[in-house]
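Anchor point for the sequence shown: position 144 equals 144 in UniProt numbering, and the numbering is continuous, going up by one each time. Where is the CB? At the ideal position from N, CA and C, for every residue including glycine. In this text, all values refer to a predicted model and were calculated from it rather than measured experimentally. Presented below is the structure to which this report refers.
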Amino acid sequence: MKKFTVVFLSALMALSLAACGSSEQNSGANSVSSEPQSTASAAESAGQGTENNEGAADSAETGGSNILIAYFSVMETDGVDTVAGASRVAANGEALGNNQYIAQIIQRETGGDLFRIETVQEYPTTHDALLDFAYEEKAEDARPELASQIENLDSYDVIFLGFPNWNADLPMPLYTFLEAYDFSGKTIIPFTTHGGSGFSRTIQTISELQPDATVLSDGLSISRNSVSGAESEVIDWVNGLDLTSE
(Lines of atoms letter the chains of each structure in order from A; the text may use other names.)
(Lines give C-alpha, C1' and ligand atoms only; values in the text may rest on other atoms or scores of the structure.)
Protein backbone atom coordinates (compact mmCIF):
# COMPACT_ATOMS: atom_id res chain seq x y z
CA MET A 1 0.00 0.00 0.00
CA LYS A 2 2.81 2.38 0.92
CA LYS A 3 4.45 1.66 -2.40
CA PHE A 4 1.25 2.50 -4.25
CA THR A 5 0.93 5.73 -2.33
CA VAL A 6 4.50 6.75 -3.13
CA VAL A 7 3.98 6.00 -6.81
CA PHE A 8 0.73 7.94 -6.81
CA LEU A 9 2.31 10.98 -5.14
CA SER A 10 5.27 10.86 -7.54
CA ALA A 11 2.95 10.88 -10.53
CA LEU A 12 0.94 13.75 -9.05
CA MET A 13 4.11 15.83 -8.55
CA ALA A 14 5.21 15.16 -12.12
CA LEU A 15 1.89 16.39 -13.45
CA SER A 16 2.13 19.54 -11.33
CA LEU A 17 5.63 20.30 -12.62
CA ALA A 18 4.48 19.81 -16.22
CA ALA A 19 1.58 22.19 -15.65
CA CYS A 20 3.92 24.85 -14.25
CA GLY A 21 6.25 24.48 -17.23
CA SER A 22 3.33 24.90 -19.62
CA SER A 23 2.17 28.02 -17.78
CA GLU A 24 5.66 29.59 -17.99
CA GLN A 25 5.83 28.85 -21.72
CA ASN A 26 2.46 30.54 -22.26
CA SER A 27 3.61 33.54 -20.24
CA GLY A 28 6.78 33.73 -22.30
CA ALA A 29 4.75 33.55 -25.51
CA ASN A 30 2.59 36.48 -24.41
CA SER A 31 5.71 38.51 -23.65
CA VAL A 32 7.14 37.86 -27.11
CA SER A 33 3.87 38.65 -28.90
CA SER A 34 3.82 42.10 -27.27
CA GLU A 35 7.10 43.05 -29.03
CA PRO A 36 5.65 43.13 -32.55
CA GLN A 37 2.88 45.40 -31.24
CA SER A 38 5.48 47.82 -29.85
CA THR A 39 7.39 47.67 -33.13
CA ALA A 40 4.21 48.44 -35.07
CA SER A 41 3.51 51.45 -32.85
CA ALA A 42 7.05 52.71 -33.39
CA ALA A 43 6.65 52.32 -37.13
CA GLU A 44 3.37 54.27 -37.07
CA SER A 45 5.04 56.98 -35.00
CA ALA A 46 7.93 57.07 -37.44
CA GLY A 47 5.45 57.35 -40.30
CA GLN A 48 3.68 60.26 -38.62
CA GLY A 49 7.03 61.89 -37.99
CA THR A 50 7.88 61.58 -41.68
CA GLU A 51 4.62 63.21 -42.67
CA ASN A 52 5.25 66.04 -40.26
CA ASN A 53 8.76 66.51 -41.62
CA GLU A 54 7.40 66.62 -45.15
CA GLY A 55 4.95 69.30 -44.08
CA ALA A 56 7.76 71.25 -42.48
CA ALA A 57 9.83 70.94 -45.65
CA ASP A 58 6.92 72.28 -47.69
CA SER A 59 6.62 75.25 -45.35
CA ALA A 60 10.35 75.86 -45.57
CA GLU A 61 10.21 75.80 -49.35
CA THR A 62 7.27 78.21 -49.43
CA GLY A 63 9.02 80.69 -47.16
CA GLY A 64 12.56 79.90 -48.19
CA SER A 65 12.99 82.25 -51.13
CA ASN A 66 15.81 84.78 -51.23
CA ILE A 67 13.48 87.20 -53.04
CA LEU A 68 11.02 89.52 -51.34
CA ILE A 69 8.35 91.51 -53.17
CA ALA A 70 7.41 94.44 -50.92
CA TYR A 71 4.75 96.83 -52.15
CA PHE A 72 2.52 99.69 -51.06
CA SER A 73 -0.86 99.93 -52.72
CA VAL A 74 -4.02 101.95 -52.06
CA MET A 75 -7.08 100.90 -54.05
CA GLU A 76 -9.41 103.74 -55.03
CA THR A 77 -13.08 102.90 -55.13
CA ASP A 78 -14.61 105.78 -57.05
CA GLY A 79 -14.40 107.79 -60.25
CA VAL A 80 -13.68 105.22 -62.95
CA ASP A 81 -14.00 101.52 -63.48
CA THR A 82 -11.27 98.91 -63.00
CA VAL A 83 -10.15 99.15 -66.63
CA ALA A 84 -9.61 102.83 -67.39
CA GLY A 85 -7.45 104.90 -65.13
CA ALA A 86 -8.31 103.62 -61.66
CA SER A 87 -5.76 102.63 -59.06
CA ARG A 88 -7.25 99.15 -59.14
CA VAL A 89 -7.58 96.30 -61.58
CA ALA A 90 -9.87 93.31 -61.88
CA ALA A 91 -8.07 89.95 -61.87
CA ASN A 92 -9.83 86.60 -61.70
CA GLY A 93 -12.98 88.28 -60.44
CA GLU A 94 -11.13 90.13 -57.67
CA ALA A 95 -10.40 93.84 -57.43
CA LEU A 96 -6.74 94.53 -56.62
CA GLY A 97 -4.70 97.66 -56.18
CA ASN A 98 -2.46 98.39 -59.17
CA ASN A 99 0.81 97.71 -57.37
CA GLN A 100 -0.71 94.73 -55.59
CA TYR A 101 -1.61 93.23 -58.97
CA ILE A 102 1.90 93.75 -60.36
CA ALA A 103 3.45 92.39 -57.17
CA GLN A 104 1.41 89.20 -57.50
CA ILE A 105 2.61 88.68 -61.07
CA ILE A 106 6.23 89.16 -59.94
CA GLN A 107 5.68 86.70 -57.10
CA ARG A 108 4.27 84.12 -59.48
CA GLU A 109 7.23 84.49 -61.85
CA THR A 110 10.00 84.52 -59.23
CA GLY A 111 8.63 82.33 -56.45
CA GLY A 112 9.48 85.13 -54.03
CA ASP A 113 7.65 86.08 -50.85
CA LEU A 114 5.02 88.82 -50.86
CA PHE A 115 5.02 91.58 -48.26
CA ARG A 116 2.45 94.34 -48.19
CA ILE A 117 3.62 97.62 -46.66
CA GLU A 118 0.72 98.67 -44.45
CA THR A 119 0.23 101.63 -42.16
CA VAL A 120 -1.65 102.05 -38.91
CA GLN A 121 -3.60 104.92 -40.41
CA GLU A 122 -6.12 104.28 -43.17
CA TYR A 123 -5.93 106.19 -46.42
CA PRO A 124 -8.95 107.67 -48.19
CA THR A 125 -10.22 105.48 -51.01
CA THR A 126 -11.78 108.24 -53.11
CA HIS A 127 -9.51 109.85 -55.69
CA ASP A 128 -9.66 113.54 -54.76
CA ALA A 129 -9.53 112.87 -51.02
CA LEU A 130 -6.51 110.59 -51.47
CA LEU A 131 -4.68 113.22 -53.55
CA ASP A 132 -5.27 115.84 -50.88
CA PHE A 133 -4.23 113.49 -48.09
CA ALA A 134 -1.03 112.47 -49.89
CA TYR A 135 -0.17 116.12 -50.63
CA GLU A 136 -0.60 117.08 -46.98
CA GLU A 137 1.60 114.17 -45.86
CA LYS A 138 4.35 115.29 -48.19
CA ALA A 139 4.07 118.92 -47.09
CA GLU A 140 4.43 117.81 -43.47
CA ASP A 141 7.26 115.40 -44.31
CA ALA A 142 5.24 112.81 -42.40
CA ARG A 143 6.41 109.34 -41.42
CA PRO A 144 3.27 107.21 -41.12
CA GLU A 145 3.59 104.39 -38.61
CA LEU A 146 3.88 100.94 -40.19
CA ALA A 147 1.46 98.19 -39.21
CA SER A 148 3.40 95.31 -40.78
CA GLN A 149 6.98 94.15 -40.26
CA ILE A 150 9.37 92.02 -42.33
CA GLU A 151 10.47 88.83 -40.61
CA ASN A 152 13.84 87.22 -41.38
CA LEU A 153 15.11 90.13 -43.46
CA ASP A 154 18.59 88.57 -43.51
CA SER A 155 17.29 85.67 -45.62
CA TYR A 156 16.54 87.99 -48.57
CA ASP A 157 19.11 89.12 -51.12
CA VAL A 158 16.74 90.73 -53.63
CA ILE A 159 13.98 93.18 -52.74
CA PHE A 160 11.41 94.16 -55.35
CA LEU A 161 9.92 97.44 -54.15
CA GLY A 162 6.58 98.61 -55.55
CA PHE A 163 4.75 101.89 -55.01
CA PRO A 164 2.57 104.47 -56.73
CA ASN A 165 4.13 107.77 -57.76
CA TRP A 166 2.51 110.39 -55.53
CA ASN A 167 3.29 114.05 -56.18
CA ALA A 168 6.38 113.08 -58.21
CA ASP A 169 7.76 111.36 -55.13
CA LEU A 170 7.64 108.24 -53.03
CA PRO A 171 4.52 107.86 -50.89
CA MET A 172 5.47 108.88 -47.35
CA PRO A 173 5.00 105.32 -46.01
CA LEU A 174 7.92 104.36 -48.28
CA TYR A 175 10.12 106.83 -46.40
CA THR A 176 9.12 105.17 -43.13
CA PHE A 177 9.79 101.75 -44.63
CA LEU A 178 13.18 102.59 -46.11
CA GLU A 179 14.31 104.30 -42.91
CA ALA A 180 13.16 101.37 -40.76
CA TYR A 181 15.28 98.69 -42.46
CA ASP A 182 18.90 98.29 -43.47
CA PHE A 183 19.17 96.78 -46.95
CA SER A 184 22.97 96.95 -47.07
CA GLY A 185 24.40 94.42 -49.51
CA LYS A 186 20.98 93.67 -51.01
CA THR A 187 19.63 94.48 -54.45
CA ILE A 188 16.55 96.71 -54.62
CA ILE A 189 14.47 96.52 -57.81
CA PRO A 190 11.83 99.28 -58.01
CA PHE A 191 8.50 99.14 -59.81
CA THR A 192 5.87 101.86 -59.92
CA THR A 193 2.50 102.83 -61.31
CA HIS A 194 1.92 106.46 -62.20
CA GLY A 195 -0.37 108.94 -63.86
CA GLY A 196 2.23 110.15 -66.36
CA SER A 197 5.31 110.99 -64.29
CA GLY A 198 7.11 107.67 -64.49
CA PHE A 199 9.60 107.24 -61.67
CA SER A 200 10.31 110.98 -61.36
CA ARG A 201 13.36 110.96 -59.03
CA THR A 202 12.14 108.15 -56.77
CA ILE A 203 14.96 105.76 -57.72
CA GLN A 204 17.51 108.38 -56.72
CA THR A 205 15.65 108.88 -53.43
CA ILE A 206 15.74 105.15 -52.72
CA SER A 207 19.49 105.16 -53.36
CA GLU A 208 19.93 108.05 -50.95
CA LEU A 209 17.91 106.30 -48.23
CA GLN A 210 19.73 103.00 -48.79
CA PRO A 211 23.28 104.01 -49.80
CA ASP A 212 24.78 100.58 -49.14
CA ALA A 213 22.27 98.70 -51.28
CA THR A 214 22.42 98.17 -55.04
CA VAL A 215 19.39 99.97 -56.51
CA LEU A 216 18.60 99.00 -60.09
CA SER A 217 17.95 101.99 -62.29
CA ASP A 218 16.18 99.79 -64.84
CA GLY A 219 12.97 99.45 -62.84
CA LEU A 220 9.47 98.85 -64.18
CA SER A 221 7.26 101.90 -64.72
CA ILE A 222 3.67 101.37 -65.84
CA SER A 223 0.98 103.96 -66.44
CA ARG A 224 -2.07 103.47 -64.27
CA ASN A 225 -4.10 103.44 -67.50
CA SER A 226 -2.18 100.39 -68.76
CA VAL A 227 -2.00 98.16 -65.68
CA SER A 228 -4.90 95.90 -66.64
CA GLY A 229 -3.11 94.87 -69.85
CA ALA A 230 0.44 94.85 -68.50
CA GLU A 231 0.84 91.19 -67.50
CA SER A 232 3.05 90.21 -70.44
CA GLU A 233 5.16 93.35 -69.99
CA VAL A 234 5.73 92.49 -66.33
CA ILE A 235 6.65 88.89 -67.17
CA ASP A 236 9.10 89.96 -69.90
CA TRP A 237 10.71 92.48 -67.55
CA VAL A 238 11.13 89.94 -64.75
CA ASN A 239 12.59 87.35 -67.11
CA GLY A 240 15.00 89.94 -68.44
CA LEU A 241 16.41 90.40 -64.95
CA ASP A 242 17.68 86.82 -65.03
CA LEU A 243 16.84 86.16 -61.40
CA THR A 244 16.53 82.74 -59.84
CA SER A 245 14.64 81.95 -56.65
CA GLU A 246 16.55 79.81 -54.19
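Following the DSSP letters along the chain, one finds residue 158 inside the beta strand (DSSP E) bounded by residues 158-164.
Secondary structure within the UniProt domain "Flavodoxin-like" (95-239): the beta strand (DSSP E) runs of 3 or more consecutive residues, fully enclosed, are 113-116, 158-164, 187-194 and 220-223 (chain order). Under the 10 Å beta carbon count, residue 148 is surrounded by fewer than 16 other beta carbons and is classified as exposed. For residue 68, the beta-bridge partners assigned by DSSP are 113 and 159. For residue 89, the beta-bridge partners assigned by DSSP are 96. A contact is defined here as three or more CB-CB pairs under 8 Å, and the segment 128-139 fails this definition with respect to the segment 153-163.
Leaving aside the five residues that flank residue 209 on each side, the residues in its chain whose CB is nearer than 6 Å to its CB run, in chain order, 178. At a Cβ-Cβ threshold of 7 Å, residue 107 and residue 69 count as neighbours. Straight across, the Cα-Cα distance linking residue 241 with residue 155 is about 20 Å. Burial state of residue 122 is exposed, judged by a 10 Å Cβ sphere holding fewer than 16 other Cβ atoms. The residue from 118, 128, 169 and 141 with its alpha-carbon nearest to that of residue 150 is 118. The residues 105 and 109, in chain order, have a CB closer than 8 Å to that of residue 235 in the same chain once the five nearest residues on each side in sequence are set aside. Each of 65, 239 and 71 was checked against the Cα of residue 175, and the nearest Cα belongs to 71. Within a 10 Å sphere around the beta-carbon of residue 98 sit 16 or more other beta-carbons, which makes this residue buried.
Put simply, the backbone Cα of residue 66 is about 16 Å away from that of residue 182. The Cβ-Cβ distance between residue 221 and residue 198 falls below 7 Å. Looking only at 230, 77 and 137, the smallest Cα-Cα distance to residue 191 is reached by 230. Counting only residues of its own chain and dropping the five nearest sequence neighbours on each side, residue 205 has a CB closer than 8 Å to the CB of 169 and 170.
For the pair residue 75 and residue 125, the Cα-to-Cα distance works out to about 6 Å. The criterion of a C-beta distance shorter than 7 Å is satisfied by residue 186 and residue 157.
One thing to note: residue 120 has its Cβ no nearer than 7 Å to the Cβ of residue 227. Contact between residue 143 and residue 172 is confirmed by a C-beta separation of about 7 Å, below the 8 Å threshold. Residue 188 is a Cβ neighbour of residue 213, given a cutoff of 7 Å.
Of the other Cβ atoms in all chains shown, fewer than 16 fall within 10 Å of the Cβ of residue 217; this residue is therefore exposed.
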